[in-house]
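In my numbering, the protein residues as written are 1255 to 1356. By construction, the Cβ of each residue, glycine as well, lies at the ideal position given by its N, Cα and C atoms.
What follows is the structure in structure tokens.
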């Protein structure tokens, strides 16, 4: 199994509060059992939550739906949609995990 982690992050400054961050839904390619997916995703959440205040999946979904409604079809590239979601939620860091099994 191959793990890929993509992220965009602004500079982090020393502060008392953890900066907010988004985690995209898990993307999988190839046969991977649901239990394996959940274990890996839960571990990612646990590790990231040590350094970031994670935005809820509900708020992420709402911002994503807003992006789909407000951006024209040709404007809604993956990068533009992610940037729109980050701007909407005022979050600099975005994490996306891809699991691949061949």
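- Pairwise C-beta distances place the region 1292-1306 in contact with the region 1271-1282, as three or more of them are shorter than 8 Å.
- Just so you know, the alpha carbons of residue 1335 and residue 1322 end up roughly 8 Å apart.
- Counting only runs of 3+ residues, the beta strand (DSSP E) found wholly inside the region 1269-1330 occupies 1274-1277, 1281-1283, in chain order.
- Cβ contact annotation for residue 1324 (same chain, cutoff 8 Å, sequence separation greater than five): 1338, in chain order.
- Annotated three-state conformation of residue 1344 is coil, per DSSP.
- Considering only 1281, 1340, 1304, 1348, the residue with the shortest C-alpha distance to residue 1354 is 1281.
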